[in-house]
Amino acid sequence: MFFKVLIQGLRDKGVRPTILFTLLILFVFRLGTHITVPGINVENLNKLGDMPFFSMMNLMSGNAMKSYSLFALGVTPYITASIIVQLLQMDIVPKFVEWSKQGDVGRRKLNQATRYFTLILSMLQSIGITAGFQAMSGSGIVNNPNVQTYIMIAVLLTTGSLVVCWLGELINAKGFGSGISMLIFAGIISSIPSSIYSIYNTYFVNVRPDQLPTSYAIVGGLIVASVLIMYLVTWFMGAIRKIPIQYTKLTQGAPASSYLPFSVNPAGVIPIIFAGALVTVPATVIQFIQHSKGSSAGWLNTLQNALNTKTWTGLVFYALLITLFSFFYAFVNINPEKLSENLQKQGGYIPSVRPGKPTEKYVSGILIRLSTVGSIFLTIVTLSPIIASNLFGLPQIISLGGTSLMIVVQVAVAASRQLEGRLNKNKYTGFMDGTVLD
(Lines of atoms letter the chains of each structure in order from A and count residues from 1; the text may use other names and numbers.)
(Lines give C-alpha, C1' and ligand atoms only; values in the text may rest on other atoms or scores of the structure.)
Protein backbone atom coordinates (compact mmCIF):
# COMPACT_ATOMS: atom_id res chain seq x y z
CA MET A 1 0.00 0.00 0.00
CA PHE A 2 2.74 2.45 0.98
CA PHE A 3 4.82 1.89 -2.15
CA LYS A 4 1.71 2.01 -4.35
CA VAL A 5 0.74 5.42 -2.97
CA LEU A 6 4.38 6.53 -3.23
CA ILE A 7 4.48 5.68 -6.94
CA GLN A 8 1.19 7.52 -7.49
CA GLY A 9 2.64 10.54 -5.72
CA LEU A 10 5.76 10.52 -7.89
CA ARG A 11 3.53 10.66 -10.96
CA ASP A 12 1.67 13.70 -9.59
CA LYS A 13 3.44 17.00 -10.38
CA GLY A 14 2.07 18.66 -7.26
CA VAL A 15 3.12 15.93 -4.82
CA ARG A 16 6.39 14.86 -6.48
CA PRO A 17 8.52 17.71 -4.98
CA THR A 18 7.30 16.79 -1.50
CA ILE A 19 8.34 13.16 -1.92
CA LEU A 20 11.72 14.02 -3.47
CA PHE A 21 12.45 16.49 -0.65
CA THR A 22 11.64 13.84 1.97
CA LEU A 23 13.89 11.31 0.23
CA LEU A 24 16.69 13.90 0.12
CA ILE A 25 16.43 14.53 3.88
CA LEU A 26 16.40 10.78 4.56
CA PHE A 27 19.52 10.42 2.41
CA VAL A 28 21.29 13.15 4.41
CA PHE A 29 20.26 11.40 7.63
CA ARG A 30 21.55 8.03 6.45
CA LEU A 31 24.80 9.69 5.35
CA GLY A 32 25.28 11.14 8.83
CA THR A 33 24.75 7.75 10.49
CA HIS A 34 27.98 6.51 8.88
CA ILE A 35 30.23 9.35 10.13
CA THR A 36 31.89 8.00 13.27
CA VAL A 37 32.67 10.43 16.08
CA PRO A 38 36.45 11.03 16.37
CA GLY A 39 38.21 9.22 19.19
CA ILE A 40 35.92 6.15 19.23
CA ASN A 41 37.14 2.57 18.77
CA VAL A 42 34.32 0.96 16.79
CA GLU A 43 35.77 -2.56 17.12
CA ASN A 44 35.51 -2.44 20.91
CA LEU A 45 32.06 -0.88 20.60
CA ASN A 46 30.79 -3.82 18.55
CA LYS A 47 31.54 -6.11 21.49
CA LEU A 48 28.50 -4.56 23.21
CA GLY A 49 26.17 -5.68 20.42
CA ASP A 50 24.41 -8.28 22.59
CA MET A 51 23.46 -5.77 25.30
CA PRO A 52 19.69 -5.05 25.30
CA PHE A 53 20.25 -1.33 25.95
CA PHE A 54 22.71 -1.09 23.05
CA SER A 55 20.26 -2.89 20.75
CA MET A 56 17.39 -0.59 21.75
CA MET A 57 19.51 2.55 21.28
CA ASN A 58 20.69 1.25 17.92
CA LEU A 59 17.08 0.70 16.86
CA MET A 60 15.96 4.19 17.91
CA SER A 61 18.95 5.88 16.26
CA GLY A 62 18.40 4.21 12.90
CA ASN A 63 21.46 1.93 13.30
CA ALA A 64 23.67 4.95 14.01
CA MET A 65 24.70 3.69 17.45
CA LYS A 66 26.59 0.67 16.15
CA SER A 67 29.14 2.99 14.49
CA TYR A 68 28.83 5.66 17.21
CA SER A 69 28.18 8.23 14.52
CA LEU A 70 27.23 11.88 14.83
CA PHE A 71 23.58 10.81 14.96
CA ALA A 72 24.11 8.05 17.53
CA LEU A 73 21.64 9.54 20.03
CA GLY A 74 18.98 9.70 17.33
CA VAL A 75 15.61 11.10 18.34
CA THR A 76 15.53 9.64 21.86
CA PRO A 77 16.39 12.95 23.62
CA TYR A 78 13.75 14.77 21.55
CA ILE A 79 11.04 12.23 22.34
CA THR A 80 11.89 12.39 26.04
CA ALA A 81 11.88 16.21 25.95
CA SER A 82 8.50 16.22 24.17
CA ILE A 83 6.93 14.08 26.88
CA ILE A 84 8.44 16.27 29.61
CA VAL A 85 6.95 19.38 27.99
CA GLN A 86 3.56 17.66 27.65
CA LEU A 87 3.67 16.68 31.31
CA LEU A 88 4.48 20.25 32.36
CA GLN A 89 1.31 21.40 30.60
CA MET A 90 -0.85 19.29 32.93
CA ASP A 91 -1.26 22.01 35.62
CA ILE A 92 2.35 21.54 36.79
CA VAL A 93 4.00 24.71 35.43
CA PRO A 94 1.53 27.62 35.01
CA LYS A 95 3.57 29.19 32.21
CA PHE A 96 3.39 26.01 30.13
CA VAL A 97 -0.35 25.73 30.80
CA GLU A 98 -0.76 29.32 29.60
CA TRP A 99 1.23 28.65 26.44
CA SER A 100 -0.85 25.57 25.67
CA LYS A 101 -3.92 27.83 25.42
CA GLN A 102 -2.37 30.48 23.14
CA GLY A 103 -2.80 28.68 19.81
CA ASP A 104 0.01 28.93 17.26
CA VAL A 105 1.99 31.46 19.30
CA GLY A 106 1.95 29.21 22.37
CA ARG A 107 2.78 26.17 20.25
CA ARG A 108 5.93 27.88 18.96
CA LYS A 109 6.98 28.69 22.53
CA LEU A 110 6.41 25.08 23.60
CA ASN A 111 8.43 23.85 20.62
CA GLN A 112 11.26 26.16 21.64
CA ALA A 113 11.13 24.82 25.19
CA THR A 114 11.26 21.29 23.78
CA ARG A 115 14.44 22.18 21.90
CA TYR A 116 16.07 23.49 25.08
CA PHE A 117 15.16 20.31 26.96
CA THR A 118 16.50 18.28 24.04
CA LEU A 119 19.81 20.14 24.25
CA ILE A 120 20.17 19.44 27.98
CA LEU A 121 19.13 15.79 27.73
CA SER A 122 21.41 15.20 24.74
CA MET A 123 24.42 16.51 26.63
CA LEU A 124 23.63 14.41 29.71
CA GLN A 125 22.93 11.26 27.71
CA SER A 126 26.03 11.60 25.54
CA ILE A 127 28.30 11.83 28.58
CA GLY A 128 26.50 9.06 30.49
CA ILE A 129 26.34 6.61 27.59
CA THR A 130 29.95 7.18 26.57
CA ALA A 131 31.19 6.69 30.14
CA GLY A 132 28.99 3.61 30.58
CA PHE A 133 30.13 1.95 27.36
CA GLN A 134 33.73 2.84 28.18
CA ALA A 135 33.49 0.94 31.48
CA MET A 136 31.64 -2.07 30.07
CA SER A 137 33.61 -2.69 26.87
CA GLY A 138 36.67 -4.08 28.63
CA SER A 139 39.45 -2.33 26.74
CA GLY A 140 37.27 0.77 26.29
CA ILE A 141 35.60 2.48 23.34
CA VAL A 142 37.41 5.82 23.81
CA ASN A 143 40.96 5.87 22.49
CA ASN A 144 42.23 8.64 24.79
CA PRO A 145 39.88 8.79 27.79
CA ASN A 146 40.34 12.26 29.26
CA VAL A 147 38.16 15.27 30.03
CA GLN A 148 38.82 16.98 26.69
CA THR A 149 37.90 13.85 24.73
CA TYR A 150 34.66 13.33 26.64
CA ILE A 151 33.67 16.98 26.16
CA MET A 152 34.41 16.77 22.42
CA ILE A 153 32.34 13.59 22.06
CA ALA A 154 29.47 15.08 24.07
CA VAL A 155 29.43 18.26 21.97
CA LEU A 156 29.47 16.31 18.69
CA LEU A 157 26.71 13.90 19.78
CA THR A 158 24.58 16.76 21.11
CA THR A 159 25.02 18.69 17.87
CA GLY A 160 24.12 15.57 15.90
CA SER A 161 20.96 15.06 17.95
CA LEU A 162 19.88 18.67 17.33
CA VAL A 163 20.58 18.25 13.60
CA VAL A 164 18.39 15.13 13.57
CA CYS A 165 15.57 17.12 15.20
CA TRP A 166 16.05 19.86 12.60
CA LEU A 167 15.87 17.32 9.78
CA GLY A 168 12.65 15.98 11.27
CA GLU A 169 11.17 19.49 11.39
CA LEU A 170 12.13 20.02 7.74
CA ILE A 171 10.19 16.89 6.81
CA ASN A 172 7.19 18.14 8.80
CA ALA A 173 7.31 21.51 7.05
CA LYS A 174 8.11 20.56 3.45
CA GLY A 175 7.88 16.76 3.23
CA PHE A 176 5.32 14.12 4.08
CA GLY A 177 4.79 12.00 7.15
CA SER A 178 5.91 12.71 10.71
CA GLY A 179 9.55 13.80 10.50
CA ILE A 180 10.88 12.02 13.59
CA SER A 181 8.99 8.83 12.74
CA MET A 182 10.22 8.89 9.14
CA LEU A 183 13.84 9.04 10.34
CA ILE A 184 13.36 5.99 12.55
CA PHE A 185 11.50 4.29 9.70
CA ALA A 186 14.42 4.92 7.32
CA GLY A 187 16.89 3.49 9.83
CA ILE A 188 14.90 0.29 10.34
CA ILE A 189 14.34 -0.20 6.61
CA SER A 190 18.06 0.28 5.93
CA SER A 191 18.91 -2.46 8.47
CA ILE A 192 16.70 -5.09 6.82
CA PRO A 193 19.33 -6.32 4.29
CA SER A 194 21.97 -6.77 7.01
CA SER A 195 19.42 -8.54 9.23
CA ILE A 196 18.51 -10.93 6.42
CA TYR A 197 22.19 -11.57 5.75
CA SER A 198 22.81 -12.25 9.45
CA ILE A 199 19.93 -14.75 9.59
CA TYR A 200 21.20 -16.39 6.39
CA ASN A 201 24.66 -16.86 7.88
CA THR A 202 23.23 -18.17 11.14
CA TYR A 203 20.91 -20.79 9.66
CA PHE A 204 22.38 -21.71 6.28
CA VAL A 205 26.13 -20.98 6.18
CA ASN A 206 27.43 -21.92 9.62
CA VAL A 207 25.41 -25.15 10.02
CA ARG A 208 25.91 -28.81 9.27
CA PRO A 209 23.97 -30.40 6.36
CA ASP A 210 21.81 -32.43 8.76
CA GLN A 211 20.67 -29.17 10.42
CA LEU A 212 19.36 -27.62 7.20
CA PRO A 213 15.78 -28.99 7.55
CA THR A 214 15.53 -27.33 10.97
CA SER A 215 16.94 -24.10 9.53
CA TYR A 216 14.34 -24.11 6.74
CA ALA A 217 11.58 -24.65 9.30
CA ILE A 218 12.80 -21.80 11.54
CA VAL A 219 13.26 -19.32 8.70
CA GLY A 220 9.89 -20.29 7.21
CA GLY A 221 8.28 -19.74 10.60
CA LEU A 222 9.94 -16.32 10.89
CA ILE A 223 8.61 -15.30 7.47
CA VAL A 224 5.07 -16.42 8.30
CA ALA A 225 5.21 -14.71 11.71
CA SER A 226 6.48 -11.46 10.16
CA VAL A 227 3.72 -11.40 7.55
CA LEU A 228 1.11 -12.18 10.19
CA ILE A 229 2.38 -9.44 12.50
CA MET A 230 2.42 -6.89 9.66
CA TYR A 231 -1.14 -7.80 8.70
CA LEU A 232 -2.41 -7.59 12.29
CA VAL A 233 -0.59 -4.33 12.99
CA THR A 234 -1.91 -2.76 9.76
CA TRP A 235 -5.45 -3.80 10.59
CA PHE A 236 -5.19 -2.76 14.23
CA MET A 237 -3.57 0.62 13.55
CA GLY A 238 -6.31 1.42 11.06
CA ALA A 239 -9.12 0.61 13.48
CA ILE A 240 -10.84 3.66 14.98
CA ARG A 241 -13.68 4.34 17.40
CA LYS A 242 -16.01 7.06 16.08
CA ILE A 243 -17.53 9.34 18.71
CA PRO A 244 -20.56 11.18 17.24
CA ILE A 245 -20.55 14.97 17.58
CA GLN A 246 -23.40 17.40 16.97
CA TYR A 247 -23.20 21.20 16.74
CA THR A 248 -25.64 23.84 17.92
CA LYS A 249 -23.80 26.85 16.42
CA LEU A 250 -23.50 26.24 12.72
CA THR A 251 -21.41 28.30 10.36
CA GLN A 252 -22.29 28.51 6.70
CA GLY A 253 -21.55 25.21 5.00
CA ALA A 254 -20.64 23.40 8.25
CA PRO A 255 -22.22 19.98 8.87
CA ALA A 256 -24.81 19.55 11.59
CA SER A 257 -23.01 16.49 12.88
CA SER A 258 -19.60 14.90 12.73
CA TYR A 259 -17.49 12.48 14.74
CA LEU A 260 -14.23 12.28 16.68
CA PRO A 261 -11.98 9.47 15.41
CA PHE A 262 -10.21 7.76 18.31
CA SER A 263 -7.60 5.17 17.39
CA VAL A 264 -8.04 1.81 19.07
CA ASN A 265 -4.41 2.22 20.10
CA PRO A 266 -4.28 5.91 21.13
CA ALA A 267 -0.67 5.80 22.38
CA GLY A 268 0.88 4.39 19.19
CA VAL A 269 4.32 2.78 19.60
CA ILE A 270 5.64 5.27 22.19
CA PRO A 271 4.86 2.88 25.12
CA ILE A 272 7.08 0.19 23.57
CA ILE A 273 9.96 2.62 23.12
CA PHE A 274 9.91 3.95 26.67
CA ALA A 275 9.17 0.60 28.27
CA GLY A 276 12.11 -0.90 26.41
CA ALA A 277 14.36 1.92 27.62
CA LEU A 278 13.26 1.54 31.23
CA VAL A 279 13.75 -2.23 31.12
CA THR A 280 17.24 -2.04 29.65
CA VAL A 281 18.59 0.99 31.52
CA PRO A 282 18.62 -0.58 35.06
CA ALA A 283 20.39 -3.67 33.75
CA THR A 284 22.94 -1.47 32.01
CA VAL A 285 23.52 0.57 35.18
CA ILE A 286 24.09 -2.65 37.16
CA GLN A 287 26.61 -3.85 34.57
CA PHE A 288 28.33 -0.47 34.78
CA ILE A 289 28.61 -0.75 38.59
CA GLN A 290 29.93 -4.30 38.35
CA HIS A 291 32.57 -3.41 35.76
CA SER A 292 33.68 -0.10 37.24
CA LYS A 293 33.95 -1.23 40.86
CA GLY A 294 34.52 -4.91 40.30
CA SER A 295 31.53 -5.66 42.50
CA SER A 296 30.02 -9.13 42.40
CA ALA A 297 27.45 -8.69 45.17
CA GLY A 298 24.72 -11.31 45.16
CA TRP A 299 21.92 -8.78 45.28
CA LEU A 300 23.24 -7.10 42.12
CA ASN A 301 23.21 -10.40 40.26
CA THR A 302 19.71 -11.18 41.55
CA LEU A 303 18.40 -7.76 40.48
CA GLN A 304 20.03 -8.06 37.08
CA ASN A 305 18.47 -11.48 36.48
CA ALA A 306 15.07 -10.23 37.64
CA LEU A 307 15.15 -7.39 35.07
CA ASN A 308 16.48 -9.55 32.25
CA THR A 309 13.85 -10.19 29.56
CA LYS A 310 15.11 -13.76 29.32
CA THR A 311 13.42 -14.44 32.67
CA TRP A 312 9.69 -14.45 33.43
CA THR A 313 10.09 -11.65 35.98
CA GLY A 314 11.72 -9.44 33.36
CA LEU A 315 8.93 -10.20 30.87
CA VAL A 316 6.25 -9.38 33.46
CA PHE A 317 8.03 -6.12 34.32
CA TYR A 318 8.25 -5.25 30.61
CA ALA A 319 4.53 -5.99 30.12
CA LEU A 320 3.58 -3.84 33.13
CA LEU A 321 5.62 -0.91 31.81
CA ILE A 322 4.02 -1.18 28.35
CA THR A 323 0.57 -1.15 29.97
CA LEU A 324 1.45 1.80 32.21
CA PHE A 325 2.84 3.91 29.36
CA SER A 326 -0.12 2.99 27.13
CA PHE A 327 -2.56 4.56 29.59
CA PHE A 328 -0.24 7.43 30.46
CA TYR A 329 0.57 8.52 26.89
CA ALA A 330 -3.03 8.09 25.72
CA PHE A 331 -4.16 10.71 28.24
CA VAL A 332 -1.16 12.93 27.43
CA ASN A 333 -1.86 12.69 23.70
CA ILE A 334 -5.62 13.19 24.07
CA ASN A 335 -6.41 15.45 27.02
CA PRO A 336 -10.10 14.85 27.89
CA GLU A 337 -10.34 18.18 29.75
CA LYS A 338 -9.04 20.22 26.81
CA LEU A 339 -11.15 18.23 24.37
CA SER A 340 -14.28 18.95 26.43
CA GLU A 341 -13.42 22.67 26.61
CA ASN A 342 -12.81 22.92 22.85
CA LEU A 343 -16.08 21.17 22.05
CA GLN A 344 -17.97 23.53 24.33
CA LYS A 345 -16.34 26.59 22.74
CA GLN A 346 -17.23 25.36 19.24
CA GLY A 347 -20.83 24.66 20.20
CA GLY A 348 -20.38 20.92 19.87
CA TYR A 349 -21.56 18.12 22.12
CA ILE A 350 -21.76 14.35 22.28
CA PRO A 351 -25.37 13.14 22.03
CA SER A 352 -26.85 12.06 25.38
CA VAL A 353 -23.82 13.51 27.22
CA ARG A 354 -23.92 16.90 28.95
CA PRO A 355 -21.11 19.38 28.11
CA GLY A 356 -18.33 20.06 30.60
CA LYS A 357 -17.35 17.52 33.25
CA PRO A 358 -19.74 14.77 32.03
CA THR A 359 -18.13 14.96 28.57
CA GLU A 360 -14.67 14.84 30.11
CA LYS A 361 -15.66 11.80 32.17
CA TYR A 362 -17.22 10.10 29.14
CA VAL A 363 -14.10 10.63 26.98
CA SER A 364 -11.87 9.41 29.82
CA GLY A 365 -13.88 6.21 30.06
CA ILE A 366 -13.50 5.61 26.32
CA LEU A 367 -9.74 6.23 26.52
CA ILE A 368 -9.42 3.74 29.39
CA ARG A 369 -11.19 1.03 27.41
CA LEU A 370 -9.24 1.74 24.22
CA SER A 371 -5.93 1.85 26.12
CA THR A 372 -6.73 -1.52 27.70
CA VAL A 373 -7.17 -3.11 24.28
CA GLY A 374 -4.18 -1.25 22.85
CA SER A 375 -1.85 -2.22 25.69
CA ILE A 376 -2.79 -5.89 25.36
CA PHE A 377 -2.09 -5.77 21.63
CA LEU A 378 1.24 -3.97 22.08
CA THR A 379 2.29 -6.44 24.78
CA ILE A 380 1.51 -9.47 22.62
CA VAL A 381 3.29 -8.12 19.52
CA THR A 382 6.33 -6.97 21.51
CA LEU A 383 6.81 -9.95 23.79
CA SER A 384 6.03 -12.73 21.29
CA PRO A 385 9.40 -12.44 19.44
CA ILE A 386 11.25 -12.20 22.77
CA ILE A 387 9.55 -15.32 24.13
CA ALA A 388 10.18 -17.18 20.86
CA SER A 389 13.83 -16.11 20.97
CA ASN A 390 14.16 -17.35 24.56
CA LEU A 391 12.46 -20.69 23.90
CA PHE A 392 14.16 -21.60 20.64
CA GLY A 393 17.52 -19.85 21.10
CA LEU A 394 16.97 -17.46 18.20
CA PRO A 395 19.43 -14.58 17.54
CA GLN A 396 19.17 -11.34 19.54
CA ILE A 397 18.14 -9.42 16.43
CA ILE A 398 14.82 -11.31 16.28
CA SER A 399 13.78 -10.27 19.80
CA LEU A 400 13.36 -6.67 18.59
CA GLY A 401 11.49 -7.77 15.46
CA GLY A 402 8.05 -7.02 16.92
CA THR A 403 9.03 -3.48 17.90
CA SER A 404 10.63 -2.83 14.51
CA LEU A 405 7.61 -4.11 12.60
CA MET A 406 5.25 -2.05 14.76
CA ILE A 407 7.18 1.15 14.02
CA VAL A 408 7.57 0.43 10.31
CA VAL A 409 3.92 -0.45 9.74
CA GLN A 410 2.53 2.45 11.77
CA VAL A 411 4.74 5.02 10.04
CA ALA A 412 3.99 3.54 6.60
CA VAL A 413 0.22 3.60 7.22
CA ALA A 414 0.28 7.19 8.53
CA ALA A 415 2.49 8.40 5.66
CA SER A 416 0.26 6.64 3.10
CA ARG A 417 -2.83 8.35 4.46
CA GLN A 418 -1.14 11.74 4.31
CA LEU A 419 -0.01 11.19 0.73
CA GLU A 420 -3.49 10.01 -0.27
CA GLY A 421 -4.94 13.15 1.29
CA ARG A 422 -2.59 15.36 -0.73
CA LEU A 423 -3.34 13.46 -3.93
CA ASN A 424 -7.08 13.84 -3.37
CA LYS A 425 -6.62 17.52 -2.52
CA ASN A 426 -4.82 18.11 -5.80
CA LYS A 427 -7.63 16.38 -7.69
CA TYR A 428 -10.27 18.54 -6.03
CA THR A 429 -8.17 21.67 -6.57
CA GLY A 430 -7.82 20.87 -10.23
CA PHE A 431 -11.55 20.28 -10.52
CA MET A 432 -12.40 23.57 -8.83
CA ASP A 433 -9.90 25.50 -10.98
CA GLY A 434 -11.15 23.88 -14.15
CA THR A 435 -7.72 22.49 -14.96
CA VAL A 436 -7.10 19.18 -16.64
CA LEU A 437 -5.52 16.66 -14.30
CA ASP A 438 -2.81 14.24 -15.37
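Residue numbers (the numbering used here): 128 to 565. C-beta: ideal position from N, C-alpha, C; glycine also. Quantities reported herein were computed from a predicted structural model and do not represent experimental measurements.
- Per DSSP, reduced to three states, the secondary structure at F303 is coil, with no helix or strand assignment.
- Non-local C-beta neighbours of V360 in its own chain, meaning closer than 8 Å and more than five positions away in sequence, comprise V508, L532, M533, V536, Q537, ordered along the chain.
- Per DSSP, K484 is not a residue of any beta strand (DSSP E); the alpha helix (DSSP H) it occupies stretches across 484 to 519.
- The C-beta distance from T245 to L214 rounds to 15 Å, too long to fall under 8 Å, and the pair is not in contact.
- The beta carbon of N173 sits closer than 8 Å to the beta carbons of K193 from its chain, once the five residues preceding and following it are set aside; these are given in chain order.
- Restricting attention to alpha helix (DSSP H) runs no shorter than 4 residues, the region 154 to 214 encloses them at 169 to 172, 179 to 187, ordered along the chain.
- Rounded to the nearest whole angstrom, the CA to CA distance from K465 to K488 is 12 Å.
- Excluding five sequence positions before and after F504, the CB atoms of its chain that fall closer than 7 Å to its own CB belong to F363, N392, given in chain order.
- Per the Cβ contact rule, the region 247 to 255 is in contact with the region 195 to 204 (3 or more Cβ pairs under 8 Å).
- Taking each of I254, I513, Q229 in turn and checking the Cα distance to N435, the smallest one comes out for I513.
- Nearest neighbour of A191 by Cα position, chosen from K236, S209, S317, K131, turns out to be S317.
- Between the region 393 to 400 and the region 446 to 459 there are three or more inter-stretch CB-CB distances shorter than 8 Å, so the stretches are counted as touching.
- Sorting Q239, G255, V354 by C-alpha distance to the C-alpha of I280 places G255 at the top.
- Annotation: I477 is outside any alpha helix (DSSP H) and is labelled neither H nor E by DSSP.
- The three-state reading of DSSP puts Q275 in helix, counting H, G and I together.
- With respect to the 8 Å criterion, G306 and I372 are not classified as neighbours on the basis of their beta carbons.
- Here K228 carries a coil assignment [DSSP, helix/strand/coil].
- Rounded to whole angstroms, the separation of the alpha carbons of L294 and M187 is 15 Å.
- By the C-beta density criterion, V332 is exposed, having fewer than 16 other C-beta atoms within 10 angstroms.
- The residue among I493, L550, H161 with its C-alpha nearest the C-alpha of G287 is H161.
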